[in-house]
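Chains as they are written, first to last, in the numbering used here: chain G, 3 to 81; chain P, 3 to 81; chain D, 5 to 138; chain R, 5 to 138.
Take a look at the structure below.
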Amino acid sequence: MRFSLLAFGVAREIVGNEITVDNSDIRDVQSLRIWLSTTYPLLSGLNKWAIAVNEKYATDSTLIAPGDVVAIIPPVSGG
Amino acid sequence: MRFSLLAFGVAREIVGNEITVDNSDIRDVQSLRIWLSTTYPLLSGLNKWAIAVNEKYATDSTLIAPGDVVAIIPPVSGG
Amino acid sequence: MADILLTYQPLEFSPVSPADGAQVIFQGVVRPFSKGKEVLRLEFDAYEPMAISELEKIAEEIKAKWPEVNQVLLHHRLGIVNAGEMAVIAKISSPHRADAFEACAHLMNRLKETVPIWKKECYNDGHYWVSSTP
Amino acid sequence: MADILLTYQPLEFSPVSPADGAQVIFQGVVRPFSKGKEVLRLEFDAYEPMAISELEKIAEEIKAKWPEVNQVLLHHRLGIVNAGEMAVIAKISSPHRADAFEACAHLMNRLKETVPIWKKECYNDGHYWVSSTP
């Protein structure tokens with residue numbers, strides 16, 4: 003399954019601006035989190051980050067479909 | 003006893019900008035209120051007004067001394 | 005510390021205070037209608053020296069209650085103010101926004117309780133001193 | 005109804021809204037010090053389309069909770085913002101001031117909870133993504 007993964011803030015410094023993920027083990031946010039922690043161990047040192055799927059906050063059970071836009075959302079700090 | 007009496011807002015339209023009061027019966031705010039209500043009956047039709055003596059809010063027992071500046075303070079409505 | 009002004013001129017926007025992280029500003033504008041009637045203009049009367057001393061007391065209250073507040077500003081117009089114009093501007097600058105919001109709301113509440121300023125609403129067919137008659 | 009802007013340009017003051025009696029404005033300015041260290045500048049990153057949609061949700065929340073609010077404005081700078089410059093301006097216009105103060109404080113609280121914007125503090129000797137690391 004292929005989808006785009008965006009990263010912002012501190013996560014952008016670890017993962018890069020945008021990568022294409024092509025991995026058949028990733029079907030939902032929970033399996034994405036497992037893959038991310040293995041692939042980018044530095045992410046584990048951060049405060050709890052959220053995942054957005056198609057520009058909406060997702061939960062661990064949110065499914066990821068081919069072509070989705072997925073994003074790593076570190077703790078926000080605007081204002 | 004002589005003192006200046008200022009009036010503001012709606013009270014200015016009844017009493018005028020400033021008058022000099024010269025009346026030996028007026029010794030405190032309470033006696034001033036009695037004199038005002040007799041002299042300017044229209045004041046009785048207003049919402050409760052305060053009296054300031056020398057630019058400070060006064061109570062009925064505040065004494066008035068010769069040369070004081072006394073003011074009629076209708077309900078304030080700034081802002 | 006307190007920047008207090010009563011003026012017959014139009015009010016100016018307050019510049020940004022570069023050292024304070026949180027700045028809350030209140031602008032009170034003359035509404036064109038009041039209780040369904042068209043308001044042509046307001047006229048503000050004030051007992052100026054007492055109004056300034058009451059505003060200074062409020063600024064002292066604010067400094068006592070929110071010690072981190074760095075700036076208390078209150079500019080109020082007097083005389084004729086037309087619909088759509090600002091009648092009052094209040095500003096609080098502080099390192100933190102919660103203090104700034106609370107102190108600015110307090111400043112406006114206290115202004116309306118104790119400061120000797122009076123508002124007359126002028127209509128086509130007369131005028132009314134706000135809060136003055138039952 | 006909501007006036008939302010993410011911009012790499014300096015923020016402009018919002019003009020007076022002539023029909024609303026009460027206008028509360030929050031200005032967030034970059035402080036020159038953070039935790040005792042001199043801050044040279046901030047850099048803001050954002051997930052722009054999601055930030056705009058989260059801000060629109062907050063504006064809807066405000067309209068539901070304070071139906072009299074007429075204007076919700078939130079302008080946020082992105083990229084480099086130097087100490088002393090405004091990073092954010094929020095404004096609520098309403099007929100009554102209590103609603104305007106509450107809604108503006110709510111807007112800023114929610115901005116800091118849910119809107120995907122990130123702040124990096126840059127010092128002489130490095131940088132720090134605020135809230136990102138333990």
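Yeah, the Cβ is synthetic: ideal placement off N, Cα and C, and Gly gets one too.
TODO: Compile a chain-ordered list of the residues in the segment 17–34 of chain D whose CB is closer than 9 angstroms to at least one CB of chain R.
DONE: F17, V20, S21, P22, A23, D24, G25, A26, Q27, V28, I29, F30, Q31, G32, V33 and V34
- [ ] Starting from the Cα of D/S21, find the closest Cα among D/V43, D/S57 and D/S97 and give me that residue.
- [x] D/S97
Task: Partners in chain G for R/L115, counting only beta-carbon separations shorter than 7 angstroms - done: Chain G residues near R/L115: G80 and G81.
TODO: At 4 residues or longer, and completely inside the segment 11–73 of chain P: list those alpha helix (DSSP H) runs for me, N to C.
DONE: 11–17 and 31–41
Task: Closest by C-alpha distance to R/F37, when choosing among D/P36, D/G25, D/S38 and D/Q31 - done: D/G25
Task: Neighbour list for D/S98 in chain P, Cβ cutoff strictly below 8 angstroms - done: Within 8 angstroms Cβ-Cβ: nothing; D/S98 doesn't reach chain P, min ~21 angstroms.
Open item on the list: Is it buried or exposed, D/A50, if we count other Cβ atoms within 10 angstroms and call 16 or more buried?
Closed with: buried
Open item on the list: Could you pull the DSSP bridge partners for R/E42 from this structure?
Closed with: R/F37
Task: Separation of R/F48 from G/N19, as counted between CA atoms - done: 15 angstroms
Open item on the list: For chain D, check one thing: does any of its Cβ atoms lie closer than 7 angstroms to the Cβ of P/A54?
Closed with: Chain D, which has a Cβ nearer than 7 angstroms to the Cβ of P/A54, makes this yes.
Task: Neighbourhood of R/V33 by C-beta distance below 6 angstroms, restricted to the same chain and skipping five residues each side - done: M90
TODO: Could you check if G/G81 is buried or exposed, using at least 16 other CB atoms within 10 Å of its CB as the buried criterion?
DONE: G/G81 sits buried, since 16 or more C-beta atoms from the chains shown fall within 10 Å of its C-beta.
- [ ] List the residues of chain D that R/F105 touches, going by C-beta distances under 9 angstroms, in chain order.
- [x] V28, F30, F105, E106, C108, A109 and M112
TODO: Would you list the residues sitting across from G/S6 in a DSSP beta bridge?
DONE: G/T22 and G/V71
Open item on the list: Along the chain, where does the beta strand (DSSP E) containing D/S97 start, and where does it finish?
Closed with: It spans M90 to S98 - the beta strand (DSSP E) in which D/S97 sits, taken as one unbroken run.
Task: Nearest neighbour of R/E125, chosen from R/S135, R/V28, R/K116 and R/V119 [CA to CA] - done: R/S135
- [ ] Run down chain P in chain order and give the residues with a C-beta less than 8 angstroms from the C-beta of D/H79.
- [x] Within 8 angstroms Cβ-Cβ: nothing; D/H79 doesn't reach chain P, min ~12 angstroms.
- [ ] Flag G/F5 as yes if its beta-carbon sits less than 7 angstroms from any beta-carbon of chain R, otherwise no.
- [x] no
Task: Top-ranked residue by Cα proximity to R/D129, from R/K41, R/H110, R/A55 and R/K95 - done: R/K41
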